[in-house]
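**Q** Take this structure first; my questions come after.
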Amino acid sequence: MDLHPRPPLQGGLPPLETSDGHILPVVEIACDESGFSGTNLLDTATPVITHASVDLGRDEAAHLVEEVRAGFPWLLGEFKSGQLLRGPRARESLEPLLAALTDRAHVQVVDKELFLVTRVVDLLLSEPSYAAGTSLSSELRPAALALYRAGRTRGRDWDAFLSSFVELVRTKKRQQPVRRILDAFFHARDALADGLDADAGVDAGTVLAGLTRTRTRAVLARLVHDDPAVPPPLEPMLPALAETVLFWSGGRRQVLV
212 MDLHPRPPLQ GGLPPLETSD GHILPVVEIA CDESGFSGTN LLDTATPVIT
262 HASVDLGRDE AAHLVEEVRA GFPWLLGEFK SGQLLRGPRA RESLEPLLAA
312 LTDRAHVQVV DKELFLVTRV VDLLLSEPSY AAGTSLSSEL RPAALALYRA
362 GRTRGRDWDA FLSSFVELVR TKKRQQPVRR ILDAFFHARD ALADGLDADA
412 GVDAGTVLAG LTRTRTRAVL ARLVHDDPAV PPPLEPMLPA LAETVLFWSG
462 GRRQVLV
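Once you know that position 170 of the sequence shown is 381 in the numbering used here, the rest is easy, because the numbers rise by one and skip nothing.
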């Protein structure tokens, strides 16, 4: 007898039915992340986040883990990725594991700096949305890429711009008056815009010019008052998780993660 039964899939909600009366199948996806550093998105030690997911049944997963551990009989307790990747039998153990995961695994890699730039653009140049940063909303991606590529050539000005944006949208336990933080952000924006090369920075300069005080102040007010329509600006796991669900769904399945 199972004394700890698992809750029903979908938390007991009825299965999703399409317009033509078909019930979409449900798939349960296991996920994990590496490199997450909270809201400290400018930590140079961890410039990216990886969000990995697998479409495996419990028995399949247990069997794969047993096979991998069999190659490292001297290791007890929790098995770390470094032991697998850099151990003396790494290649021998990895090849069958990767073969077994073909078409059954997916990795979403998030560049933290680029994520911040997409947040600048999505929050301050358009209506905030939880779809921002995913394949569901790509209209402003060219603007974000233009700013990212041009900005990274500007060294300290670029670092100051990103840092001032993080300080601007980090509304909890704020240490400085809002006006001072707003002034610092636009001072950093102006310094970055002034330093852009005339050729490489045309599109990026247009993006920076579009960041207005009126718009920024309005978005900041919504953040301060916890507007539920505005996604957490310093939470990269949300779009990563959304993109993972979109990948495994393929428009044909419901996904539980």
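Beta carbons: idealized from backbone N, C-alpha and C, even for Gly.
When you compare only the Cα positions, how much space is there between residue 346 and residue 448?
**A** 15 Å
**Q** For residue 302, count neighbouring Cβ atoms within 10 angstroms of its own Cβ and tell me buried if that reaches 16, exposed if not.
**A** exposed
**Q** Less than 7 Å between C-beta atoms, sequence neighbours within five positions excluded: which residues of the same chain meet that for residue 254?
**A** 248
**Q** DSSP on residue 263, reduced to helix/strand/coil?
**A** strand
**Q** List the DSSP bridge partners of residue 278.
**A** According to DSSP, which records beta bridges pairwise, residue 278 is partnered with nothing at all.
**Q** Find the nearest neighbour of residue 398 within the set 389, 372, 378 and 382, judged by alpha-carbon distance.
**A** 372
**Q** Once you ignore the five residues that flank residue 331 on each side, which residues in its own chain have a CB closer than 6 Å to its CB?
**A** Closer than 6 Å at Cβ, skipping near neighbours: 376.
**Q** Rounded to whole angstroms, what's the CA-CA distance from residue 446 to residue 308? Just pull it up for me.
**A** 31 Å
**Q** Three or more beta-carbon pairs under 8 Å between the region 451–460 and the region 356–366, yes or no?
**A** no
**Q** Hey, quick one: how far does the beta strand (DSSP E) through residue 243 stretch, first residue to last?
**A** Looking at the DSSP string, the run of the beta strand (DSSP E) that includes residue 243 is 241–245.
**Q** Does the region 415–435 come within contact of the region 309–327, defined as at least 3 CB pairs closer than 8 Å?
**A** no
**Q** Suppose you measure from the CA of residue 259 to the CA of residue 379; what does that come to, to the nearest Å?
**A** 22 Å
**Q** Name, in chain order, the residues that DSSP records as bridge partners for residue 322.
**A** 259
**Q** Assuming the contact rule is C-beta atoms closer than 8 Å, residue 267 and residue 297 should be a hit. Round their C-beta distance to whole Å, please.
**A** Contact flag wrong, Cβ pair sits at about 24 Å.
**Q** Once the 5 residues before and after residue 166 are set aside, which same chain residues still bring their CB inside 8 Å of it?
**A** Outside the shown range of the chain, which is 212 to 468, sits residue 166, and nothing can be said about it.
**Q** Measuring CA to CA, which of 320, 468, 295 and 400 is closest to residue 335?
**A** 400
**Q** Identify which residue in 402, 433 and 434 has its Cα closest to the Cα of residue 420.
**A** 402
**Q** According to DSSP, which residues form a beta bridge with residue 317?
**A** 264
**Q** Using the Cα positions of residue 317 and residue 381, report the straight-line distance between them to the nearest angstrom.
**A** 31 Å
**Q** Can you give, in chain order, each stretch of the alpha helix (DSSP H) that sits fully within the region 327–351 and has at least 4 residues?
**A** none
**Q** In three-state DSSP terms, what is residue 485?
**A** Residue 485 lies beyond the stretch modelled for the chain, which goes from 212 to 468, so this question has no answer here.
**Q** With a CB to CB cut of under 6 Å and the five nearest residues on each side skipped, what residues in its chain are close to residue 341?
**A** 442
**Q** Are the Cβ atoms of residue 241 and residue 275 separated by less than 8 Å?
**A** no
**Q** Taking residue 282 as the reference, which of 270, 306 and 269 has the closest Cα?
**A** Closest option to residue 282, Cα to Cα, is 306.
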